[in-house]
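Numbering-wise, the working numbering puts 308 at position 293 of the sequence shown, and it's gapless, one number per residue.
Taking it in order: structure first as structure tokens, then the write-up.
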Amino acid sequence: MRSAVDIATAVGSGSTTAVSVLEQHFAEIDARESDIHAFNLVMRDRAFEMAAAVDATVAAGGDAGPMAGVPVALKDNLCTEGIDTTCSSRILEGWKPPYDATVVERLRDAGAVFVGKTNLDEFAMGSSTENSAFGPTKNPLDTMRVPGGSSGGSAAAVAAGFASVGFGSDTGGSIRQPAAYCGLVGVKPTYGAVSRYGLIAFASSLDQIGPFTHDVADAALSMEVIGGHDPKDSTSIDVDRLDISSCLGRGVEGMRVGLIKELHGVADADVTARVVASAEALEAAGAEVVEVSVPAALYGLTAYYLVAPAEASSNLARFDGVRYGNRVDGPDVTAMMRNTRTDGFGAEVQARIMLGTFALSAGYYDAFYGKAQKLRTLVRQEFDTAYESVDLMLSATAPSVAFEFGAKADPMAMYRCDICTIPSSLAGDAAMSVPFGTGEAGMPVGVQLLAPAMGEATMFQAAAVLEAEGGEVRV
Ligand code: GLN
């Protein structure tokens, strides 16, 4: 059993046990994890304790929650009380947070069972999970290829059957792109729809936590469990609970969907063919598909690589050898901090910190950071204008299917993987990737649905239609 909805129903009704569901998932972990390396930490004993507790609640006639017994994988930048949380960085190796992220707390309350902490590009900076200090994660569909990133470990864990649902963070595409590469559904919620409390910050104005799932119904369930207002996150939107599942069957009759002109054609031919096919599928189901123009979308990448590093340079200043994780001593405090940060951060993280510090520095601020913020406002305005005439927008999730290890050694080539996902991150809107058949080498292709802020329910309605029409993905 792999669907979270099916597992929760079966465990909650007592027709199977959380322990036996977990045993099935651990059989997959035992068979393949040494090759895939989805996890930084496998939490076998804790997982079986959590599963046994769920079974005890059910046996006592209690309500074990909407995710009763669902095996869940957590990206290793989500704080878990007393459990190592590394961000796949040497600087945080061995650090155990004193509290749980709100998402972690909500999942536990919902009856989920945590199987482990998953690998990522260091501090979520990357698109392939090759930038982890602890080695790369392989794509379970083809182990010569990357799973995408930065949440590659969570995507691989779900695709390999190690967990039913994975959670990641998406700053510029880090859930949607790996979901596309691994044949999964991946959601980047509206900024503020899900609490960021306990997510180790990369770029605070962009970061959002979201799920990786096998299907759309599981993604809806996951969003309902983790979403909604949290007083501990001042940017969280004042909505009690997201209601998505009840909208899934409504179809797309009468809906207007805009194919983003500027992003159409930035992808490889095999991917573009699937985007066209997805537009046709929505049309066949009663939607009206039109072309929309969002010219600033193409500048999103440029704006993002100033805004995100600027925020990262500030957020990562706290890792100074004094308060968290590793310390490398020196003759004085300045030397100690320099040694710690030089030794603890990998090359990509150091490059981003320097880029961000430069973009924020006196004399360059207006020319770089200020200009990028203006571009961000332009993207936001153009998205708002587009949504005056369409309900949703559509594009490829990534320009290609999953690529082979080492194929994007040039950082610009790697950054370009996010050209389609970054614009909605800058706008703060909702977006998701839905598998829609296969492309080159039989690898899955993801198409991206984009919705205005808090438009998740409508977005999921269209996702359910694409899922029904998309053809088999071999996961
Ligand atoms: N790949 C992008 C980056 O490297 C996005 C990462 C993310 O969404 N966390 O910054």
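Backbone N, C-alpha and C fix where the C-beta goes; we use that ideal spot for every residue, glycine too.
Would you say the beta carbon of residue i is closer than 8 Å to some non-hydrogen atom of the ligand GLN?
i      : result
Tyr402 : no
Gly192 : Here the sequence assigns Gln to residue 192, which means Gly is not the residue at that position. Yes.
Tyr380 : no
Ala296 : no
Ser189 : yes
Ser220 : no
Met140 : yes
Phe217 : yes
Ala323 : yes
Thr101 : no
Tyr430 : yes
Tyr319 : yes
Gly164 : yes
Asp425 : no
Ser184 : yes
Ser329 : no
Asp433 : yes
Ser440 : yes
Asp136 : yes
Only counting the same chain, and skipping five residues up and downstream in sequence, which positions put a Cβ closer than 7 Å to that of residue i?
i      : result
Tyr430 : Leu316 and Tyr320
Ala244 : Rather than Ala, the amino acid found at residue 244 in this sequence is His. If we look at His244 and ignore the five residues flanking it on each side, its Cβ neighbours are Ser251, Ile252, Asp253, Val254 and Asp255.
Ala235 : Ile259, Ser260, Leu263 and Phe475
Arg265 : Gln476
Can you name, in chain order, every residue of its own chain whose Cβ lies under 6 Å from the Cβ of residue i, other than the five neighbours on each side?
i      : result
Ile241 : Val118, Arg121 and Val209
Lys423 : Met429
Leu370 : Pro324
Ser308 : Lys276
Ala479 : Val231 and Leu263
Thr31  : Ala25
Would you mind giving the Cβ-Cβ distance between residue i and residue j, rounded to the nearest angstrom? I have them listed as a contact below 8 Å.
i      : j      : result
Glu419 : Asp285 : Contact doesn't hold; Cβ gap of about 15 Å is too wide.
Leu257 : Ala477 : At roughly 16 Å, the Cβ-Cβ gap does not stay under 8 Å, so Leu257 and Ala477 are not in contact.
Pro81  : Ala23  : 6 Å
Val73  : Gly29  : 5 Å
Val147 : Ser103 : Looking at the sequence itself, residue 147 is Ser, so the reference to Val does not match. Indeed, because the Cβ distance is near 4 Å, the residues count as touching under 8 Å.
Ala468 : Ala445 : 7 Å
Val322 : Arg391 : 6 Å
Gly273 : Gly301 : No, Gly273 and Gly301 are not in contact; Cβ-Cβ is about 16 Å, not under 8 Å.
Ala294 : Leu409 : 6 Å
Phe227 : Gly167 : That belief does not hold up - the Cβ atoms of Phe227 and Gly167 are roughly 10 Å apart, past 8 Å.
Phe177 : Ala311 : Phe177 to Ala311, Cβ: 39 Å. No contact.
Ile98  : Asn341 : The Cβ separation is near 18 Å, so there is no contact.
Ser179 : Ala19  : 5 Å
CA-CA distance, residue i and residue j?
i      : j      : result
Cys432 : Glu38  : 36 Å
Gly359 : Met351 : 12 Å
Ala288 : Arg338 : 51 Å
Ala218 : Ala327 : 5 Å
Val305 : Ala46  : 47 Å
Val202 : Arg271 : 21 Å
Ala171 : Gly77  : 33 Å
Ala83  : Ile44  : 20 Å
Met458 : Ser165 : 19 Å
Gly131 : Val290 : 34 Å
Gly225 : Thr453 : 24 Å
Ala292 : Asp115 : 42 Å
Val128 : Ala66  : 6 Å
Asp233 : Gly345 : 50 Å
Asp230 : Leu214 : 25 Å
Glu303 : Tyr314 : 28 Å
Ala42  : Val57  : 13 Å
Ser448 : Thr349 : 45 Å
Pro426 : Ala382 : 23 Å
Gly485 : Pro450 : 7 Å
Ser440 : Val173 : 24 Å
Gln192 : Tyr384 : 26 Å
Asp222 : Ala299 : 35 Å
Asp50  : Gly150 : 12 Å
Who are the near neighbours of residue i in its chain, counting only those whose CB is closer than 8 Å to its CB and skipping five residues on each side?
i     : result
Cys94 : Thr100, Pro112, Tyr114, Asp115, Ala116, Val119, Gly213, Leu214 and Ile215
Sufficient close CB pairs (3 or more, under 8 Å) joining the region 414-421 to the region 322-334: By the Cβ test, the region 414-421 is not in contact with the region 322-334, since fewer than three Cβ pairs between them sit closer than 8 Å.
On the three-pair Cβ rule with 8 Å, is the region 187-200 touching the region 61-72? Flag = no, the region 187-200 and the region 61-72 do not touch.
Contact between the region 272-289 and the region 393-400 is defined here as three or more beta-carbon pairs at a separation below 8 Å; is this criterion met? Segments in contact, no.
For the structure I just gave you, are there three or more beta carbon pairs, one from the region 142-156 and one from the region 21-38, closer than 8 Å? Flag = no, the region 142-156 and the region 21-38 do not touch.
Between the region 356-376 and the region 129-148, are three or more C-beta pairs nearer than 8 Å? Yes: the two stretches touch, three or more of their Cβ pairs being nearer than 8 Å.
Inspect the CB distances between the region 374-390 and the region 141-155 and report whether three or more fall short of 8 Å. By the Cβ test, the region 374-390 is not in contact with the region 141-155, since fewer than three Cβ pairs between them sit closer than 8 Å.
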